[in-house]
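Chains as they are written, first to last, in the numbering used here: chain A, 364 to 659; chain B, 22 to 346.
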């Protein structure tokens, strides 16, 4: 059943899917990659963002992406609040390895159950004009429900990359990752920078949630499936490298799209996780590992 | 607790649990009791690696599910009996645990945590696509009629050791739970346990003092996974129906992790206490409110305990006790 038409379409969808995955994992590349905060609840926050978009879309007819952008500052504040708790209870006493991990695991279930209680376990989706639109170029079809999220994801990814490599605060973030003791000697408080950076990482969840609810219908526990994708991408891309994250996301998107097309969708969840296990076993520094990274 | 007294209590509990199956008629108690005991064994097993060595395992459900499905496979292949199923389930889960540990335990601890989560999804996907064991639709396990063991009728209406399967399974689960407690207590007091504690507190220091950290971690992972596999192996009989969603559910993982952290991770008493308190509460909430609320209780109490009572319930009691003196 192999045909080039199918292959081309699978590759195009793979690129679009990859861009979307980049949006999901870019926040985690900040929190897990740069700040060493293993936010296992990252996908749960994305689902929270998605349900916020769904709520305003179904009740007031607002555009999901617009809602995602507007609610981003709220997520930012939520992030700084969570980091305050995390820092005070775990990081300060060096207990983040066991209890910090468990903390985010608990937060994930709390978000999930609250969403189940508020919205039920049915699949929900949003309405917008562009969602059902499709552009055809010869044999290749580009569905807009994938293309719009792809564009937004690219803007977000490149924006964040520019931000973290060119602006003062972005470099401060990199500095925390490199050597937070040196930063402290410069009379800068690493906890403050990490707080803002963690807020930023949650703010991306709000926008990523908007993209998610455009791409697929959502239900509260669907976030569990994305834990693998986002962690695989961040580790594969080399912790903390935004361009690495983008490359890894594209790679994973294409592999997954090819597997789905030629072997069937029931195999696709294993792709990300198998990739993760293989990377961890054989090349834990990822594609673009940070220079001088001693944590592998 | 002195050794003699400890073993006398264990022995008494075995006899009591058998007497309970003989004299209590309400079957719901065995059903609920089995669920609590299952949580307890999973919590104790998680604690061997998580509590004693400080490595977080998010994939308890993977080992549990592998145990359950190994049991299904040997049932399909050889029409094996219950004990063989449990045994094979444990062994196979232990092997998977060893392999996962070998691949990831040389890295930072958090990678092990993420890899176990990955293992969960990979295992579930494999089972969903494997039609021999029922695929996504699941598989039924019909208990055999009038099983005998060494010439003795085990389950039957008259002249049998147990009146029905629920009672037999409850008694077996009691045995597994008590055996796990004995193992955990033994680990705590052994050289192996002290090695694990050393690597939990400072891995580099332990390594440089000659503690074989990787080997100890691998043994702990294998032990923990094997016990989880035993629990999984008995699960198909209890439910009489297994599907990938119920056997590889993340809820199993969160329970296995939450109970020790709520009870206290330092000794075997912590997971037992956590499982008894939280497990009973869950059974009550499931019956009176709903099963999604009981996950909320687990999540909330997990977060509250890790923030405010890092030593768990036992730590709280100790603190109050000390203040009283």
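Beta carbons: idealized from backbone N, C-alpha and C, even for Gly. Fair warning: this is a prediction, and the values are worked out from it, not measured in the lab.
Check                                                                                                                     : Outcome
Members of the stretch 621-653 of chain A near chain B, C-beta cut-off 7 Å                                                : 629, 630, 632, 633, 636, 637, 639, 640, 643, 644 and 647
Residue 486 of chain A: first and last residue of the uninterrupted beta strand (DSSP E) it sits in                       : Element bounds for residue 486 of chain A: n/a, residue is neither H nor E.
Any chain A beta carbon closer than 8 Å to residue 135 of chain B                                                         : yes
Cutoff 8 Å: residue 69 of chain B Cβ touching any chain A Cβ                                                              : no
Closer than 8 Å to chain B by CB, residue 591 of chain A                                                                  : yes
Pick from A:563, A:489 and A:453 that is closest to residue 428 of chain A, judged by C-alpha positions                   : A:489
Counted within 10 angstroms of its Cβ, other Cβ atoms place residue 73 of chain B as buried (16 or more) or exposed       : buried
Beta carbon of residue 131 of chain B nearer than 8 Å to that of residue 464 of chain A                                   : yes
Residues that residue 139 of chain B contacts on chain A, provided the C-beta gap is smaller than 7 Å                     : 591, 636, 639 and 640
Proximity of residue 65 of chain B and residue 201 of chain B at Cβ, strictly below 8 Å                                   : yes
Closest residue to residue 623 of chain A among A:367, A:377 and A:555 (Cα-Cα distance)                                   : A:377
Residue 667 of chain A - containing beta strand (DSSP E), residue span                                                    : One cannot answer for residue 667 of chain A here, as it falls past the ends of chain A, which runs 364 to 659.
Reduced DSSP category for residue 506 of chain A - H, G, I as helix; E, B as strand; rest coil                            : strand
Cβ-Cβ separation, residue 283 of chain B to residue 326 of chain B (assumed contact under 8 Å), whole Å                   : 5 Å
For residue 59 of chain B, the nearest candidate out of B:287, B:274 and B:320 (CA to CA)                                 : B:274
heavy atom of the ligand ADP below 7 Å from residue 367 of chain A C-beta                                                 : Questions concerning the ligand ADP fall outside what the structure shown contains, since it holds no ligand whatsoever.
Spatially closest choice to residue 93 of chain B from B:287, B:260 and B:320, by CA coordinates                          : B:260
Proximity below 8 Å, CB of residue 55 of chain B to CB of residue 194 of chain B                                          : yes
Whole-angstrom distance between residue 321 of chain B and residue 419 of chain A, CA atom to CA atom                     : 27 Å
Closest by C-alpha distance to residue 231 of chain B, when choosing among B:217, B:244, B:70 and B:240                   : B:217
Own chain residues within Cβ distance below 6 Å of residue 473 of chain A, not counting five before or after              : none
Cutoff 8 Å: residue 337 of chain B Cβ touching any chain A Cβ                                                             : no
Local Cβ density within 10 Å of residue 587 of chain A, reported as buried at 16 or more and exposed below that           : buried
Residue 105 of chain B to residue 197 of chain B span [Cα, whole Å]                                                       : 14 Å
Cβ pair residue 79 of chain B, residue 468 of chain A closer than 8 Å                                                     : yes
Unbroken alpha helix (DSSP H) run spanning residue 320 of chain B, endpoints                                              : 312-329
Inter-residue spacing [alpha-carbon to alpha-carbon] between residue 204 of chain B and residue 278 of chain B            : 19 Å
Residue-level contact to chain B via CB, residue 331 of chain A, 8 Å cutoff                                               : Residue 331 of chain A is absent from the model: chain A starts at 364 and stops at 659.
The stretch 554-568 of chain A touching the stretch 441-448 of chain A, judged by at least three CB pairs closer than 8 Å : yes
Under 8 Å from the C-beta of residue 162 of chain B: neighbouring residues of chain A                                     : Going along chain A, no residue has its Cβ under 8 Å from residue 162 of chain B, so there is no contact; the nearest lies around 23 Å.
Contacts that residue 150 of chain B makes with chain A (C-beta to C-beta distance below 7 Å)                             : 629 and 630
Extent of the continuous alpha helix (DSSP H) run through residue 238 of chain B                                          : 234-260
Contacts that residue 445 of chain A makes with chain B (C-beta to C-beta distance below 8 Å)                             : Those do not exist, as residue 445 of chain A stays about 11 Å from chain B at its closest Cβ, beyond 8 Å.
Beta carbon of residue 313 of chain B nearer than 8 Å to that of residue 476 of chain A                                   : yes
Residue 337 of chain B versus B:292, B:296, B:285 and B:298, residue with shortest Cα-Cα distance                         : B:285
Beta-carbon proximity check, residue 242 of chain B vs residue 57 of chain B, cutoff 8 Å                                  : no
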